[in-house]
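Some notes on the structure that comes next.
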Amino acid sequence: MKKFFLGVMCAAALTACNNGANKKDQQFAEERDSLMQVINNKDTQLNEIMGTVNEIQDGFKRINEAEGRITVNDGNMESEASKQMIRENMQYIQDAMAQNRDMISQLKEKVRKSGINADKLQKMVDDLAAQLEAQKTRVQELEAQLAEKDIVIAQQGETISNLNENVNTLSEENKTKSQTVADQDKQIHAAWYVFGTKSELKEQKILQNGDVLKANDFNKDYFTKVDIRYDKEIKLYSKSAKLLTTHPAGSYSLEKDNKGQYVLQITKPETFWSVSKYLVIQVK
Numbered sequence: 697m698k699k700f701f702l703g704v705m706c707a708a709a710l711t712a713c714n715n716g717a718n719k720k721d722q723q724f725a726e727e728r729d730s731l732m733q734v735i736n737n738k739d740t741q742l743n744e745i746m747g748t749v750n751e752i753q754d755g756f757k758r759i760n761e762a763e764g765r766i767t768v769n770d771g772n773m774e775s776e777a778s779k780q781m782i783r784e785n786m787q788y789i790q791d792a793m794a795q796n797r798d799m800i801s802q803l804k805e806k807v808r809k810s811g812i813n814a815d816k817l818q819k820m821v822d823d824l825a826a827q828l829e830a831q832k833t834r835v836q837e838l839e840a841q842l843a844e845k846d847i848v849i850a851q852q853g854e855t856i857s858n859l860n861e862n863v864n865t866l867s868e869e870n871k872t873k874s875q876t877v878a879d880q881d882k883q884i885h886a887a888w889y890v891f892g893t894k895s896e897l898k899e900q901k902i903l904q905n906g907d908v909l910k911a912n913d914f915n916k917d918y919f920t921k922v923d924i925r926y927d928k929e930i931k932l933y934s935k936s937a938k939l940l941t942t943h944p945a946g947s948y949s950l951e952k953d954n955k956g957q958y959v960l961q962i963t964k965p966e967t968f969w970s971v972s973k974y975l976v977i978q979v980k
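Residue numbers 697 to 980, in my numbering, belong to the letters of the sequence shown in order.
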């Protein structure tokens, strides 16, 4: 009987060990698969990056070949055929440099998004950018030499001198665009309010014959401009207040401060200003 129980216990222990081993094997397999996925993803990103690098280097090679086809000291430069060939090669160089500049920009973005911290990779990108800059300088010198020979290169696209845009100019343009967007945004969310006594409102032609803002000759400068997203409280400095313009009920409330003077609380701005962007309040 003892041998029987001993055998059962051994079998149970062996089963538990096997189950534990199976779980460890499964966990190891999952970790391995996860790691392989990360490696595969990095391999894919690296392959894309290196593919772009190869395209850029091929672009530099083609530009160098085009430069070699332009001989400034050619005795036949006076012929129209020679001038036309030079123009075509220079245009080809311009297009190829513009393409290389765009690919270098894409390469920088790919490296940034990859999350791969590799000093050599970053140095390679910097070297390509420096190579483009050096090539731009050589082509500018070539243009100057051609100008001395009275050969005008037709500019059909982006000029060599503008391949690398001035950072300060771009920065100013971006600031201007951002300011324009901000101004437009403010205008979209702009509203105007005024409060005054009955006589004051009549004087400014805001209230005429018992009607409010019915005529177009009212004094718009008498109103105060607000941003409906942020300006949700208007102090009226009066113990008597009445809204003359139409604004949906439930979108505002008139509350009294500790001096007993009214304060307009706009609780639902979008709803409050949905009927009219002008608010007129009569006080005493």
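Just so it is clear, CB atoms sit at the ideal spot from N, CA and C, and this is done for glycine as well. Fair warning: this is a prediction, and the values are worked out from it, not measured in the lab.
Would a C-beta distance cut-off of 9 Å place residue i and residue j closer than the cut-off?
{"i": "F891", "j": "I977", "result": "yes"}
{"i": "V835", "j": "M786", "result": "yes"}
{"i": "I759", "j": "L824", "result": "no"}
{"i": "I766", "j": "L842", "result": "yes"}
Between residue i and residue j, which are expected to be in contact by the criterion C-beta below 8 Å, what is the C-beta distance as a whole number of angstroms?
{"i": "K921", "j": "W888", "result": "5 Å"}
{"i": "R651", "j": "L838", "result": "In the structure as shown, the chain begins at 697 and stops at 980. Residue 651 is therefore absent and cannot be evaluated."}
{"i": "G755", "j": "Q795", "result": "6 Å"}
{"i": "T745", "j": "V807", "result": "Thr is not the amino acid found at residue 745; the sequence shown has Ile there. Sure, about 6 Å apart at Cβ, within 8 Å."}
{"i": "S934", "j": "V979", "result": "4 Å"}
{"i": "Y958", "j": "L932", "result": "5 Å"}
{"i": "S801", "j": "Q741", "result": "The Cβ separation is near 17 Å, so there is no contact."}
{"i": "F914", "j": "I902", "result": "5 Å"}
Out of the options, state which residue places its alpha-carbon closest to the alpha-carbon of residue i.
{"i": "V749", "options": "T833, A843 and M799", "result": "M799"}
{"i": "L960", "options": "K973, D927 and K980", "result": "D927"}
{"i": "G747", "options": "L803, I759 and R765", "result": "L803"}
{"i": "I924", "options": "K973, Q900 and K916", "result": "K973"}
{"i": "T893", "options": "D739, K916, S936 and E929", "result": "S936"}
{"i": "A792", "options": "F914, D917, N915 and Q831", "result": "Q831"}
{"i": "E763", "options": "D953, Y788, E899 and K816", "result": "Y788"}
{"i": "Y918", "options": "Q904, Q900 and N912", "result": "Q900"}
How far does the alpha helix (DSSP H) with residue i in it reach, from first residue to last?
{"i": "K898", "result": "K894 to E899"}
{"i": "T983", "result": "Summary: the structure shown does not reach residue 983, with the chain confined to residues 697 through 980, and so no result is reported for it."}
Looking at the secondary structure, which residues open and close the beta strand (DSSP E) in which residue i lies?
{"i": "I902", "result": "Run containing I902: none; DSSP gives neither H nor E here."}
{"i": "I949", "result": "Ile is not the amino acid found at residue 949; the sequence shown has Ser there. S949 -> beta strand (DSSP E) spans Y948 to K952."}
{"i": "T920", "result": "T920 to D923"}
{"i": "Q961", "result": "Y958 to I962"}
{"i": "F976", "result": "At residue 976 the sequence reads Val, which differs from the Phe that was named. Where V976 is concerned, the enclosing beta strand (DSSP E) stretches over Y974 to V979."}
{"i": "I930", "result": "E929 to K931"}
{"i": "K681", "result": "Any answer about residue 681 is impossible in this case: the structure gives the chain only from 697 up to 980."}
{"i": "A675", "result": "Beyond the ends of the chain as shown, which are 697 and 980, falls residue 675; an answer cannot be given."}
{"i": "A937", "result": "A937 to L939"}
Within the 9 Å Cβ cut-off, does residue i reach chain D?
{"i": "E751", "result": "Chain labels in this structure do not include chain D; a single protein chain is all it has."}
Following a CB-centred definition, is residue i positioned closer than 8 Å to any heavy atom of the ligand FAD?
{"i": "D953", "result": "Summarising the ligand content, the structure contains no ligands, and the ligand FAD is consequently not present."}
With a cut-off of 8 Å, do at least 3 Cβ pairs link the segment 956–968 to the segment 940–947? With the cut-off at 8 Å, the segment 956–968 and the segment 940–947 touch.
Would you say the segment 900–915 touches the segment 932–941, given that touching needs at least three Cβ pairs under 8 Å? Yes, they touch.
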